[in-house]
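Those sequence lines, one after another, are chains A and B. So the first sequence is numbered by our numbering: it starts at 20 and just counts up by one. So the second sequence is numbered by our numbering: it starts at 694 and just counts up by one. Beta carbons are placed, not taken as given, at the ideal position from N, Cα and C, and that holds for glycine.
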Amino acid sequence: MIRLWPLTFVFIAATALSQQSEHPALMLLDKNEENVLTSGGPVSLYATCGQCHDTDYITHNSYHVSAGLDEMAPPGHLSGERAWDISSGPFGRWDPLTYRLLTAKSEAELDLGTADWIRLFGSRHVGGGPAEISREGKPLEELQAGDDLDPETHVLNPNTGLPEKWDWQGSGSVEMNCFLCHLPNPDNSERIRELKAGRFRWAATATLARTGLVKRSESGWEWDREGFDEDGVCELPIRDPKSGNCGICHALVHYGQEPLDYKHDLDMRATETEGQVYSPQRISGSNMNLAGKDTLSCPWDIHAERLYQCTNCHYSVNNPAFSADKQVNKPGYPSFDSSRENTGDYLERPSHNFAKGSSASILLADSLDGSMRLCESCHDAEKTHTWHPNMKRHLRALACEACHIPRIHAPARSQVDWTVLTPEGQARIEYRGVKGSVDETSSLVTGWQPVLLAREKADRWLSLYPHNIISSWYWVAGDPERPVRLQELKLAFFLEGAYHPDIVSALDENGDRVLSRSELALDTPEKTEAVKKRLEAVGIHAPRIKGEMQPYSIHHNVVSFPWATRRCKDCHSRESRISQPLRLAAYVPGGVVPETIVRTNARMNGELRKTPDGGLEYRPASGDPQVYILGHDRSVWLDGIGLLAILGALAGVVVHGGLRLYIYRQRKKVK
Amino acid sequence: MPRIYLYTLYERIWHWLQATVIIILILTGMSIHFPDKLQIIGFVTAVRIHNTLAFILIANAFLALIYHLATGLFKQFIPERRNFLSMVIQQTAYYMGGIFKGDPHPFKRDQEHKLNPLQKITYLGILNILLPLQVASGFLMWGAQYWPEITNDFVPLVILGKIHTIGAWLFMAFVCGHVYLTTTGPTPLSYIKAMLTGWEEAEENPETRESTP
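This is how it looks when you write it as structure tokens:
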């Protein structure tokens, strides 16, 4: 036993070292490449990180940075997009979940200027790209606001509803924020605070608030000399990004020992839209009020439990450690490309284009679709599914996720209704998988079953994947049509901080002059007409309601074999899992049937059905010619004809046989 | 009662094997088609048995084809060129009337002429249309996992599924009629006995005619 002590020390020392960053100490420089301790200015990532890394290469090889800036086009010119979309990425593609529309250069009315886009949506943008460069390629800080209503130099004053000039020289722009992803504990809330306040150039500095290097004072951010050595050099625990860093913008990621706390937040996008949670913790160990919680002894995600990080699959496309067996955009011959980068080259110029799949809702950087590590990159399903009598057919028709993500145990949005406004001036939002308000921790989270929609796999075969579908309704007006601006919606709905009397009269069902949540619904022609009149009264020409459905594919919350869908009857029965409908809406605003968003790779060829309670559900198509599910895809008329044929044959037998028997007996009597 | 040797040992083995296989195929097929209503055995077991027996059926049918070609017995399945319609009418008239009066069968049976005109029509349809369609559709449905291009590009699975289903129903209807017609011999069980022993009791006082010229 005593002999093992030295080994124990070695293990502890190795563990301690592994927690430390291998990144060398560095000098934080400002934009003028002067030490921030001397200048007192905000840290410049390009100057600081650019001492060793090619930041220009990095910012130009990152769809997280460009966010669609490099895929912009005038409204109506993007194939498959809405008439008012001006990009395929978040910068320019309208999102009914967030509603505000980035104004195109050609638009006469301002909704969202670039500076406002940063203030509103910068919380989910890493910086650089459109937060730094104009649509014409000029640095934003060089732009001067003129008299023309330019969305790059103007913002909308939320109080007056009038455009105002934006002072880029005062606000600065937002550099790509390396700290956000490469520090173990970046202060995102302080970063967002700076962005919302319009102090863009300080956003990166604020991200360091938890490092002890900088602190907020009354006059702004002050660097703390205690955190630096005498040469003005500091040590930062910089490392490769972990799942927690990705979770800042993408989903609820939880690695701690404490029970997982669920909170809904649109900034945790995949959790809000798909209910995805990435955590190694057992679901039963969470703080959530989950139905059947005691039986949910599986982890939220099996890959998280096995300590896989997001970057293990979504790696940098030129990372030699990961891309060796993934020939992204390379010809099939030769099979081994010895010219790949070495680690030194990679560290200097790491591509920040991350390998990706081809989800139903993320539409930018199409050229990288299918570049990530897919299930089959690590798992040989044919070796582990030998128990299956028709394995190959199933593996082709079903994506792994179809069975291995059988249920989602966190709420997700189902309906977003901008045809009415809540007292906070927001859309009425419905969630699936929860009984009661999603805001109340006491509400029972029931979980929900994703709908299976066909999508093309990387190998071009159609397979069924689990999805959520979010339905959205909103007012549009004008020609060409645009969503009615939030400011006009507010004008129509509110008067002096309360609902406009006309709105109350139209929507108040119980006559208490107070609009409850359930009363906020345009579920009758009269209510729709009343709101329409209010919109016309505030100057909106010919407003009308539009509805759309956006599928969101689900690839996380993966469970292992014992919890996966594996009983034959789950799919091979009349009530097949394959054809289970998904409730889209509790009510149908304006009676408008929503249309599927054109630009999605999920096949939405099912049917919409109104439910008896006035809601709407989506029922997947059961007649896909490439899919025939034994025990489920039964043709009633064909079985009817078959049954008639048998009954006919039996009737013939009975009549003919009966007659023979009768005559035989009669003859016998005679004899 | 005089007896004639009608079925060779091979024919009898072939027939009963095929009958057993078809009945189990129907039962397992029903289990697969109506898993929530007629689940006697598990779905996976039903699929496995169905697939295995299908191959046995194909092999048995193939061997029978070779046998009938080699022995020349295939000719008995081919309708006569002359007077076939009148033979059909004669056989139909027998089933509609003569059988009730105790008339003898209109056509004499022997090893080379086992089928009456109506049976010839029926087997012509079954062996040339129904069985090949059923085998081909079932084989392609099973083979979809190995050659998905076929079902994806040429014959959609849905069409195959429907063909296979209607084929199964027709087979079941055929089995009903086939089993009933085994009772139309000199005694209700004489045809069954013939298929078991090979020897059939010939009708007494036969006023029979050769079924072939």
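Residues of the region 632-664 of chain A that bring their beta carbon within less than 8 Å of a beta carbon in chain B comprise G642, D643, P644, Q645, V646, Y647, L649, G650, D652, R653, S654, L657, D658, I660, G661, L662 and A664, in sequence order.
Residue contact check for S592 of chain A against chain B: a CB pair falls below 8 Å. Residues of chain B with a Cβ closer than 7 Å to the Cβ of G625 of chain A do not exist; the shortest Cβ-Cβ separation is about 15 Å.
DSSP places P608 of chain A in the helix class (H, G or I) of the three-state scheme. With a contact defined as Cβ atoms closer than 8 Å, A421 of chain A and L483 of chain A qualify at about 5 Å.
In this structure P799 of chain B is buried. Its beta-carbon is surrounded by 16 or more other beta-carbon atoms within 10 angstroms.
In the DSSP annotation of this structure, the continuous segment of the alpha helix (DSSP H) that includes A421 of chain A starts and ends at C419 to H423. Counting only Cβ-Cβ distances below 8 Å, P408 of chain A has contacts in chain B at V737, V740, R741 and N744, in chain order.
I427 of chain A places its beta carbon 8 Å or farther from that of N306 of chain A. Ranked by Cα distance from G275 of chain A, the options A:A225, A:L326 and A:H269 are led by A:L326.
Take V714 of chain B, set aside five residues on each side of it, and the residues of its chain with a beta-carbon closer than 6 Å to its own are L746, I749 and L750, in chain order. Using a CB distance cut-off of 8 Å, L471 of chain A does not count as an interface residue toward chain B. By the Cβ-count criterion, T122 of chain A is buried, with 16 or more other Cβ atoms from all chains shown falling within 10 Å of its own Cβ.
For P158 of chain A, the three-state secondary structure derived from DSSP is strand.
A buried status is given to W185 of chain A, since no fewer than 16 other beta-carbon atoms sit within 10 Å of its beta-carbon.
Under the Cβ criterion of 8 Å, K688 of chain A is not counted among the residues facing chain B. Scanning chain B for C-beta atoms nearer than 7 Å to the C-beta of I682 of chain A yields F793, reported in chain order. Shown here, E475 of chain A sits in a strand according to DSSP, grouped into three states. Contact annotation for T815 of chain B against chain A: no contact, minimum CB-CB distance about 12 Å [criterion: below 9 Å]. DSSP, reduced to helix, strand and coil, places S535 of chain A outside both helices and strands of the structure shown, so it counts as coil.
The alpha helix (DSSP H) runs lying completely inside the region 835-882 of chain B and spanning 4 residues or more are 850-874, given in chain order.
In the DSSP annotation of this structure, Q300 of chain A is not part of any beta strand (DSSP E), being labelled neither H nor E. Secondary structure note for Q188 of chain A: it is in no beta strand (DSSP E), and the uninterrupted alpha helix (DSSP H) holding it is W187 to S190. For V828 of chain B, the nearest beta carbon of chain A is not closer than 8 Å to its own beta carbon. Cβ-Cβ separation between G132 of chain A and V174 of chain A: approximately 4 Å, consistent with a contact (criterion under 8 Å).
When secondary structure is reduced to three states using DSSP, K402 of chain A falls in the helix class.
Taking 8 Å as the CB threshold, L678 of chain A lines the interface with chain B. Cβ atoms of T615 of chain A and R596 of chain A stay farther apart than 8 Å, at about 22 Å. Between C253 of chain A and L64 of chain A, the gap from beta carbon to beta carbon reaches 8 Å or more. Taken in chain order, the members of the region 845-863 of chain B whose beta-carbon sits within less than 8 Å of a beta-carbon on chain A are N845, P849, L850, V851, I852, L853, G854, K855, T858, I859, A861, W862 and L863. Uninterrupted beta strand (DSSP E) stretches at least 3 residues long and entirely within the region 182-227 of chain A occur at 182-184, given in chain order. Taking a cut-off of 8 Å on C-beta distances, the region 670-682 of chain A touches the region 778-798 of chain B, as three or more cross pairs fall below it. When C-beta atoms of the region 275-290 of chain A are compared with those of the region 241-250 of chain A, fewer than three pairs fall below 8 Å, so the two segments do not count as touching. Taking a C-beta distance under 8 Å as the contact criterion, A604 of chain A and T465 of chain A do not qualify as a contact pair. Per DSSP, the beta bridge partners of S572 of chain A are A:H486. Within chain B, no C-beta atom comes nearer than 8 Å to that of V495 of chain A; the closest sits roughly 39 Å away.
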